[in-house]
Amino acid sequence: MKKVQLSILALLTSTNLIMAGGDIVPVTPYEVEDIKAAEVVVPTEAPVVVPAPLAAANVSPIYVGLGIVAAKHKTNCNCVGTKSGTDTTGGVVARVGYDFNKYMGIEARGLVTPSKSDGTEIRHAGVFVKPQYPVTEGLNVYGLGGIAKTTTKGSLQKVDVSGLAFGAGLEYDLSDDKKKDAKYDREFDGIADQEKGFGVFADYERLYYKSGSPDMDAVSVGVTYDF
């Protein structure tokens, strides 16, 4: 009887142990590999490097200039006495312009020569279209064509006319950043170069053009400043 009771007690004890540790089941190496394989791997993206925007260029298309001028007044009339002849005089020229791009601009300019008792005083002012072309990094050639008013005083034939005037010239930039690159890259290439500084110019202008009119010509040299 005691053996039967002990057998039943041993059976109940082993059953309870199996049920109590039912969830403590040893994990096999194969099951560990399956668990790792089932883990979701979230890929990480490399950070996107955004380049810093170019700084705005402190560039202006406006320029000014000041120089000296030699002007000639030759009459084309059948005048008598001192009203006929040729006179050459000197003075100053000033100009201010705006470059739309490296091929086209607009310019206003004026010149005055001092009065001479035996010669001519010339006053001239006009507005010109300025086609231009950058030959090299610093050298620019340009033309001038527009409307101007010219008056003279003195012993020669008097002139007081408004009409066609034209000319041509050269500019050379003396600044560190060359004019026709830095100035216009901002407009066409988006490059934020900065350009400002001094340059020099030399040009010729026919102050007034009309068949049979007096010949009035001016040659100028001077300094420019680009803002």
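Okay, so the sequence shown: first residue is 40 according to the working numbering, each after it adds one. Using N, Cα and C, we set each Cβ at its ideal position, and we do this for glycine too.
Taking 8 Å as the limit between beta carbons, can you name the residues of its chain near residue i, skipping five residues before and five after?
| i | result |
| --- | --- |
| residue 145 | 136, 137, 139, 166, 167, 168, 169 |
| residue 116 | 122, 123, 196, 253 |
| residue 249 | 200, 202, 203 |
In whole angstroms, what separates the C-alpha of residue i from that of residue j?
| i | j | result |
| --- | --- | --- |
| residue 177 | residue 150 | 26 Å |
| residue 161 | residue 242 | 18 Å |
| residue 253 | residue 215 | 43 Å |
| residue 183 | residue 206 | 5 Å |
| residue 172 | residue 129 | 29 Å |
| residue 261 | residue 191 | 23 Å |
| residue 110 | residue 204 | 14 Å |
| residue 108 | residue 257 | 6 Å |
| residue 200 | residue 189 | 6 Å |
| residue 175 | residue 208 | 15 Å |
| residue 101 | residue 210 | 15 Å |
| residue 114 | residue 193 | 12 Å |
| residue 163 | residue 235 | 29 Å |
Which same chain residues, not among the five before or five after residue i, have their C-beta less than 6 Å away from its C-beta?
| i | result |
| --- | --- |
| residue 126 | 112, 158, 159, 195 |
| residue 264 | 103, 237 |
| residue 213 | 237, 238 |
Give the DSSP bridge partners of residue i, in chain order.
| i | result |
| --- | --- |
| residue 173 | 179 |
| residue 124 | Partner(s): none; residue 124 has no beta bridge. |
| residue 149 | 133, 164 |
| residue 264 | 103, 237 |
| residue 205 | 184, 245 |
| residue 268 | Residue numbering for the chain in the displayed model covers 40 to 266; residue 268 lies beyond these limits and cannot be assessed. |
| residue 140 | 143 |
| residue 197 | According to DSSP, which records beta bridges pairwise, residue 197 is partnered with nothing at all. |
Give me the residue from the options with the minimum Cα distance to residue i.
| i | options | result |
| --- | --- | --- |
| residue 202 | 104, 246, 109, 265 | 246 |
| residue 131 | 147, 255, 106, 102 | 106 |
| residue 251 | 235, 264, 265, 198 | 198 |
| residue 147 | 187, 212, 210, 179 | 187 |
| residue 259 | 133, 181, 101 | 133 |
| residue 244 | 181, 141, 235, 114 | 181 |
| residue 179 | 235, 141, 266 | 141 |
Applying the criterion that 16 or more other CB atoms from any shown protein chain within 10 Å of the CB defines a buried residue, is residue i buried or exposed?
| i | result |
| --- | --- |
| residue 143 | exposed |
| residue 152 | buried |
| residue 14 | Residue 14 cannot be examined here, being either before or after the span of the chain that is shown, 40 to 266. |
| residue 99 | exposed |
| residue 255 | buried |
Once you ignore the five residues that flank residue i on each side, which residues in its own chain have a CB closer than 7 Å to its CB?
| i | result |
| --- | --- |
| residue 185 | 165, 166, 167, 168, 204 |
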